[in-house]
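J.: Quick note: the sequence shown uses numbering that gives the first Met the number 0, first residue 0, plus one each step.
Cβ atoms here follow ideal geometry from the backbone N, Cα and C, with glycine treated the same way.
The structure displayed is predicted, hence computed values, not measured ones.
Pasting in a structure now, in structure tokens, and then I'll have a few things to ask.
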Amino acid sequence: MIVITALLVAFPILLILVPSYIATRRRKFPKVDVPVLNLRSKEGGKLDYTAATEQYMYHFEDILQEGWQRFRDGIYQVWGIDGFLVIVSPKYAEEMNALGTDVLDVHAASQTRIIGEYEWLKIADHLLFHSVQIDLTRNTGNLIPGIRKEIEYVHSVHYPPCEEWTRIAPWPRLMETMALVVSYMTVGADLSRDEAWLSTMTGFLDDLFAGGWELKSYPIALRPLAARGLVPGIRRVWAHQARARSLLVPIIRARRAAEAAAALHTTHGAYEKPNDLLQWMADNSRRPGRQQQQPARSDEFVADMCLVVGFGALHATGTTLANAVLDLAAHPEYAKVIRDEYRGEVARGHEKASALVNSLGKLDSFLKESQRMNPTTLTAFSRQVLKPFTLSNGVHFPEGTHILVPSAMISRDPTVYPSPDKFDGLRFYNRRQAAAGGAAAHRNQFTSTSREQMHFGFGRQACPGRFFGAAAIKCVVLDLVERFDLRLVDEAAGRPRNSVKGAMISPDEKAELLFRRRGAGSSQR
Numbered sequence: 000m001i002v003i004t005a006l007l008v009a010f011p012i013l014l015i016l017v018p019s020y021i022a023t024r025r026r027k028f029p030k031v032d033v034p035v036l037n038l039r040s041k042e043g044g045k046l047d048y049t050a051a052t053e054q055y056m057y058h059f060e061d062i063l064q065e066g067w068q069r070f071r072d073g074i075y076q077v078w079g080i081d082g083f084l085v086i087v088s089p090k091y092a093e094e095m096n097a098l099g100t101d102v103l104d105v106h107a108a109s110q111t112r113i114i115g116e117y118e119w120l121k122i123a124d125h126l127l128f129h130s131v132q133i134d135l136t137r138n139t140g141n142l143i144p145g146i147r148k149e150i151e152y153v154h155s156v157h158y159p160p161c162e163e164w165t166r167i168a169p170w171p172r173l174m175e176t177m178a179l180v181v182s183y184m185t186v187g188a189d190l191s192r193d194e195a196w197l198s199t200m201t202g203f204l205d206d207l208f209a210g211g212w213e214l215k216s217y218p219i220a221l222r223p224l225a226a227r228g229l230v231p232g233i234r235r236v237w238a239h240q241a242r243a244r245s246l247l248v249p250i251i252r253a254r255r256a257a258e259a260a261a262a263l264h265t266t267h268g269a270y271e272k273p274n275d276l277l278q279w280m281a282d283n284s285r286r287p288g289r290q291q292q293q294p295a296r297s298d299e300f301v302a303d304m305c306l307v308v309g310f311g312a313l314h315a316t317g318t319t320l321a322n323a324v325l326d327l328a329a330h331p332e333y334a335k336v337i338r339d340e341y342r343g344e345v346a347r348g349h350e351k352a353s354a355l356v357n358s359l360g361k362l363d364s365f366l367k368e369s370q371r372m373n374p375t376t377l378t379a380f381s382r383q384v385l386k387p388f389t390l391s392n393g394v395h396f397p398e399g400t401h402i403l404v405p406s407a408m409i410s411r412d413p414t415v416y417p418s419p420d421k422f423d424g425l426r427f428y429n430r431r432q433a434a435a436g437g438a439a440a441h442r443n444q445f446t447s448t449s450r451e452q453m454h455f456g457f458g459r460q461a462c463p464g465r466f467f468g469a470a471a472i473k474c475v476v477l478d479l480v481e482r483f484d485l486r487l488v489d490e491a492a493g494r495p496r497n498s499v500k501g502a503m504i505s506p507d508e509k510a511e512l513l514f515r516r517r518g519a520g521s522s523q524r
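Given below as structure tokens:
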């Protein structure tokens, strides 16, 4: 009986541990036959995966620099957290982009990179991608007046008087600003400032990162169990989902009912649909086939995706904005350049908000230079191989391979950008002026992508929300430079340094800048 009892106890444990061991062993065999840069042997001849992971986490930029020097036009790989990441030269970007999304896919890569092998959350879907790429891009200009109202509200209410130079940590206020802007775009004016919704959206962002990182510390086979009981961040993410559904699903159904009622009673006038992402996704969710033959989606799924877009937009746009503000304080001479350009365009009669924002070439250039020197990640063009393929150089990529391009290395290459370590806020403006229109001028816009500028991705699956994000960032910066003068607390120390963890680059959230309200001891010019 003792032996039988022991076997009954041991058997389910073995069912968990054996697959975990096999999966871990398989992951430690490279899928692609190219050099590995950060994997060394330890005493006894065994490869030191723990040291390689630490190198990836805390010295990935150094690894990429070595790879850029040795394999600029080639391919190599690094050991990350869960497996190998294949770093491909931008030379092959067009060739890879020509492959279908059934071969290389950004959604699968995002799902694996952020969530991991165990899918405890869905964060990538064609419904969301389509609604952002098509509907949000088409309507961004119409959203700008509302965006500017949200920005003016935060800047007038949530900043101190700043009659004298005042130390302020900009990060929390900038994130608060972007939270309201993203909320307005996602759910419209009726709910955009609702405290329950805002805390749900921002909490989802924080807990998704925390839960994802913590879950990856568990063996693969134990992750389903760990997600359900051992990782507090994941439980909070699921609670945020439940709250979002309780807030948004009734709105979706009420809107649908109002539209149906208006159709029955035409004398009451045509129903005017709200112009926000919630509405676009709710409409698109009932139209299977528009998103590459994707099935219809539930209202609950639409609510989930509203949280996901908040995660993506808040993190990327907020970080890009924070870097721009830090760069503005480090180079305050550009504030006058931006103000003068804005006032000049207003004087020329650019009254429509979207046309005005799009006409500001110097602001556009400043933001692109800020992104070049301080991107949100070290890599871009994140793709997962869904079907095996072979590049023109003969390198074969099996299913499951994770591909990246070292975008940050391109941005600091002197053969691509003269004086790459010097901040030149008009670098791209001058390039556009020299090009005098055409494709060359277009390539130097903030939202444009190319092999030389991949921070928004590249090709058919480049960041779909970059046009909205760029417009929102421009509106925030314009309002800031009209209201405040900015400078560094310690000019000798220079711009507060960003931190790097793996491929992620983050501004110093506690860094302070000096703010002074314009007109308080300063010239209005």
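Beta strand (DSSP E) containing residue 503: first to last residue?
T.: 503-505
J.: Of all the CB atoms in chain B, is at least one closer than 8 Å to the CB of residue 453?
T.: You won't find chain B in this structure, because it holds only one protein chain.
J.: Which whole-angstrom value describes the C-beta separation of residue 454 and residue 379, a residue pair presumed to lie in contact below a C-beta threshold of 8 Å?
T.: 6 Å
J.: With DSSP collapsed to three states, give me the class of residue 67.
T.: helix
J.: Measuring straight from C-alpha to C-alpha, what distance separates residue 46 and residue 39?
T.: 6 Å
J.: So within the segment 151-190, which uninterrupted alpha helix (DSSP H) runs reach at least 4 residues, ignoring any that extend past its ends?
T.: 169-186
J.: Quick one: measure Cβ to Cβ for residue 29 and residue 64, integer angstroms, because I've assumed they're closer than 8 Å.
T.: Actually they are not in contact, since the Cβ atoms of residue 29 and residue 64 sit about 21 Å apart, beyond 8 Å.
J.: Name the two residues that bound the continuous alpha helix (DSSP H) containing residue 284.
T.: Looking at the DSSP string, the run of the alpha helix (DSSP H) that includes residue 284 is 276-284.
J.: Pick helix, strand or coil for residue 379, following the three-state DSSP scheme.
T.: strand
J.: Less than 8 Å separating the beta-carbons of residue 504 and residue 405?
T.: no
J.: Only counting the same chain, and skipping five residues up and downstream in sequence, which positions put a Cβ closer than 6 Å to that of residue 387?
T.: 397 and 398
J.: Under the rule that 16 or more other beta-carbon atoms within 10 Å means buried, what is residue 526, buried or exposed?
T.: Since the first residue shown for the chain is 0 and the last is 524, residue 526 is missing from the structure and cannot be characterised.
J.: Quick one: Cα of residue 234 to Cα of residue 196, how far?
T.: 18 Å
J.: Going by Cα to Cα distance, which pick from 427, 137, 57 and 105 is closest to residue 470?
T.: Minimum Cα-Cα distance from residue 470 among the listed residues 427, 137, 57 and 105 corresponds to 137.
J.: Would you identify the three-state DSSP class for residue 314, choosing helix, strand or coil?
T.: helix
J.: Assess, as a yes-or-no matter, whether the segment 256-265 is touched by the segment 167-186 under the definition of 3 or more beta carbon pairs within less than 8 Å.
T.: no
J.: Could you round the C-beta distance between residue 147 and residue 474 to whole angstroms and report it? I think they count as a contact, below 8 Å.
T.: The beta-carbon separation of residue 147 and residue 474, rounded to 5 Å, stays under the 8 Å limit for a contact.
J.: In its own chain, which residues sit with a C-beta less than 6 Å from the C-beta of residue 181, not counting the 5 before and 5 after it?
T.: 309, 312 and 313
J.: Taking C-beta to C-beta, are residue 525 and residue 62 nearer than 8 Å?
T.: As displayed, the chain neither begins before 0 nor continues past 524, which places residue 525 out of reach and without an answer.
J.: Can you give me the start and stop residues for the alpha helix (DSSP H) that residue 473 sits inside?
T.: 465-482
J.: If we count Cβ pairs, one from each stretch, closer than 8 Å, do we get three or more for the segment 357-366 versus the segment 421-431?
T.: yes
J.: State the beta-bridge partners of residue 77 as determined by DSSP.
T.: 84
J.: Please report the Cβ distance between residue 170 and residue 508, rounded to the nearest whole angstrom; I am assuming they are in contact, meaning their Cβ atoms lie under 8 Å.
T.: Between residue 508 and residue 170 the Cβ distance is about 4 Å, and since that is below 8 Å, they are a contact.
J.: Do you know how far the Cα of residue 409 is from the Cα of residue 498?
T.: 19 Å
J.: Only counting the same chain, and skipping five residues up and downstream in sequence, which positions put a Cβ closer than 7 Å to that of residue 511?
T.: 166, 167, 168 and 488
J.: Would residue 143 and residue 307 be called neighbours here (beta carbons separated by less than 8 Å)?
T.: no
J.: Going by beta carbon distance, what residues of the same chain come within less than 6 Å of residue 467, once the five residues before and after it are set aside?
T.: 135 and 139
J.: How many angstroms separate the CA atom of residue 482 from the CA atom of residue 501?
T.: 37 Å
J.: Within the continuous beta strand (DSSP E) that includes residue 513, where are the two ends?
T.: 512-516
J.: Is it the case that the segment 206-222 contacts the segment 107-126, given that we only count it when at least three CB pairs across the two stretches are under 8 Å?
T.: The answer is yes - the segment 206-222 touches the segment 107-126, with three or more Cβ pairs under 8 Å.
J.: How many Å lie between residue 183 and residue 48 at the Cα?
T.: 45 Å
J.: Helix, strand or coil: how does DSSP classify residue 122 here?
T.: coil
J.: From what residue to what residue does the beta strand (DSSP E) around residue 361 run?
T.: It is not in any beta strand (DSSP E) - residue 361 instead sits in the alpha helix (DSSP H) that spans 360-372.
J.: So, with DSSP's three-state summary, where would you put residue 30?
T.: coil
J.: Could you tell me which residues DSSP puts in a beta bridge with residue 103?
T.: 384
J.: Just grab the DSSP bridge partners of residue 246 for me.
T.: Note: residue 246 sits in no beta bridge, so no partner.
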